[in-house]
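See structure below.
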Amino acid sequence: MNTKPYPTEPEHMDMEAFLRELPPHGSHTAEEDEYVQHFCGLECYELWRKGESDSE
């Protein structure tokens with residue numbers, strides 16, 4: 001029996017909690033962009049870039 005491991009999508013953090021904890025998108029680094037994309041996902045990343053977090 002030959003079973004190969006298949007990659008799975010990473011589990012992302014809760015978007016609202018993640019956006020609350022992040023500083024506003026302003027001057028940023030490529031590392032910050034990659035961090036948000038990896039741990040929160042692309043939809044969360046787009047919201048963060050647009051500044052639509054509920055941190056107010």
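Note that UniProt numbering has the sequence shown beginning at 1, numbered continuously upward.
Ideal placement from N, C-alpha and C gives every residue a C-beta, glycine not left out.
Note that the coordinates shown come from a computational prediction; the quantities given were computed from them, not determined experimentally.
- Per DSSP, reduced to three states, the secondary structure at residue 42 is helical.
- Collapsing the DSSP output to three states places residue 15 in a helix.
- For the pair residue 37 and residue 44, the Cα-to-Cα distance works out to about 7 Å.
- Note on residue 47: 16 or more other CB atoms within 10 angstroms of its CB, so buried under the neighbour-count rule.
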